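Numbering (this note's numbering), first residue to last: 231 to 504.
The beta-carbon is built from N, C-alpha and C at its ideal position, and this holds for glycine as well.
Predicted model, so just to flag it, every value in this text is computed and none were measured.
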């Protein structure tokens, strides 16, 4: 499943002090819509100045005329049959041109920053399976590199999060890093089954099947590696609830070897188990 949402109540917030953070976390449609709204708002403000102050522009003097004159000025594309008129008109135009250049620089920087944020395209299985492997119960999940490139020095981790009560009756949210059969790989290009043996040293040891699927706990899978294409570290996480744990099942094989085509990954079977 996707990352679980956490509702934070009464946390101290200051939107403008974290404006860059909020912009970088916006979806592209919201991000571009915000800039479109700001562009229209700025033009409306300057259009009001041109419209309500007489003699600032040439032309018929309608509000629509003032708005498009503002668009020409803010975007610094130059003037055609309309131009600023008088000292006041040229002063307002100068302020708007400066605002336009500043806005363009800010927007360019933000768009570049948003494009340059490294993101891993790692696919996580919808479920975590618990099944016997070599005579020992193992917790398993599957990951795949969706992109057609390699991720170097990749590391994978699974963290168990659950509420534990001390002998004194104090309840605390504790995290346990689960030992994995293989937590690192020199390069990651296709798919990998991540396994945690449930032995006597495992925090899951001794739990019954009912406790594994009904106990209030969560499992956070994390992935970090160096993207060979962009030369930057990428990371991603995926959260699983206890309801995502499936017992006594194994993943369907998704790798097919063909002498002519090479290795094929069947993503249509990626989440399937049997």
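Looking at residue 495: is its Cβ nearer than 8 Å to the Cβ of residue 415? Reading the chain shown from its first residue, position 265 is the one you call residue 495. Reading the chain shown from its first residue, position 185 is the one you call residue 415. Contact flag unset, no.
For residue 446, which of 502, 410, 393 and 321 has the nearest alpha-carbon? Reading the chain shown from its first residue, position 216 is the one you call residue 446. For the residues 502, 410, 393 and 321, the minimum Cα distance to residue 446 belongs to 393.
Host alpha helix (DSSP H) of residue 251 (start-end): Taking the first residue of the chain shown as position 1, residue 251 is located at position 21. Counting along the chain, the alpha helix (DSSP H) containing residue 251 begins and ends at 249-255.
Assuming residue 304 and residue 288 are in contact, meaning their beta carbons sit under 8 Å apart, how far apart are those beta carbons, in whole angstroms? In the chain shown, residue 304 corresponds to position 74, counting from 1. In the chain shown, residue 288 corresponds to position 58, counting from 1. About 18 Å separates the two Cβ atoms, so there is no contact after all.
If you follow the alpha helix (DSSP H) that residue 345 is in, where does it begin and where does it stop? The residue given as residue 345 occupies position 115 in the chain shown. Per DSSP, residue 345 is one residue of the alpha helix (DSSP H) stretching across 316-346.
Once the 5 residues before and after residue 374 are set aside, which same chain residues still bring their CB inside 6 Å of it? Against the chain shown, residue 374 aligns to sequence position 144. Within the same chain, residue 374 has close Cβ partners 353 and 421.
Integer Cβ distance of residue 389 from residue 369, believed to fall under 8 Å: Residue mapping note: residue 389 aligns to position 159 of the chain shown, counting from 1. Residue mapping note: residue 369 aligns to position 139 of the chain shown, counting from 1. Contact doesn't hold; Cβ gap of about 12 Å is too wide.
Strand pairing of residue 375, partner residues [DSSP]: The residue labelled residue 375 in the question sits at position 145 within the chain shown. In the DSSP output, where bridge partners are listed per residue, residue 375 has 352.
For residue 271, the three-state DSSP class (helix, strand or coil): Taking the chain shown and counting its residues from 1, the one referred to as residue 271 is at position 41. Here residue 271 sits in helix by DSSP.
Consult DSSP for residue 435 and reduce its assignment to one of helix, strand or coil. Stepping through the chain shown from its first residue, residue 435 is reached at position 205. Residue 435 falls in the coil class under three-state DSSP.
Using the C-alpha atoms, what's the distance from residue 286 back to residue 321? Stepping through the chain shown from its first residue, residue 321 is reached at position 91. Stepping through the chain shown from its first residue, residue 286 is reached at position 56. Roughly 9 Å between the two C-alpha positions.
Just to confirm, are residue 358 and residue 474 a CB contact at a threshold of 8 Å? For the purposes of this step, residue 358 is identified with residue 128 of the chain shown, where counting begins at 1. For the purposes of this step, residue 474 is identified with residue 244 of the chain shown, where counting begins at 1. A contact, by the Cβ cut-off of 8 Å.
I'd like to know whether the C-beta atoms of residue 269 and residue 326 end up nearer to each other than 8 Å. Here the question's residue 269 lines up with position 39 in the chain shown. Here the question's residue 326 lines up with position 96 in the chain shown. No, the Cβ-Cβ distance between residue 269 and residue 326 is not below 8 Å.
Residue span of the beta strand (DSSP E) that contains residue 360, given as start and end: As a working note, residue 360 is residue 130 in the chain shown. Segment 358-363, the beta strand (DSSP E) holding residue 360.
With a 10 Å radius around its C-beta and 16 neighbouring C-beta atoms as the bar for buried, classify residue 347 as buried or exposed. In the chain shown, the residue the question calls residue 347 occupies position 117. When all chains shown are included, residue 347 counts as exposed.
I need the straight-line Cα distance from residue 432 to residue 452, nearest angstrom please. The sequence position of residue 432 within the chain shown is 202, counting from 1. The sequence position of residue 452 within the chain shown is 222, counting from 1. Taking the straight line from one Cα to the other gives about 18 Å.
Tell me, to the nearest whole angstrom, how far the beta carbon of residue 471 is from that of residue 448; I am working on the premise that it is less than 8 Å. The residue you call residue 471 lines up with position 241 of the chain shown. The residue you call residue 448 lines up with position 218 of the chain shown. The pair is a contact, with the Cβ atoms about 6 Å apart (cut-off 8 Å).
Distance, Cα to Cα, residue 500 vs residue 364? Translated into positions along the chain shown, residue 500 becomes position 270. Translated into positions along the chain shown, residue 364 becomes position 134. Approximately 23 Å between the Cα atoms of the pair.
Going by DSSP, what residue range makes up the beta strand (DSSP E) through residue 297? Stepping through the chain shown from its first residue, residue 297 is reached at position 67. Per DSSP, residue 297 belongs to no beta strand (DSSP E); it is in the alpha helix (DSSP H), 293-304.
With respect to the beta strand (DSSP E) encompassing residue 497, which residues constitute its N-terminal and C-terminal limits? Counted from its first residue, the chain shown places residue 497 at position 267. Per DSSP, residue 497 belongs to no beta strand (DSSP E) and is neither H nor E.
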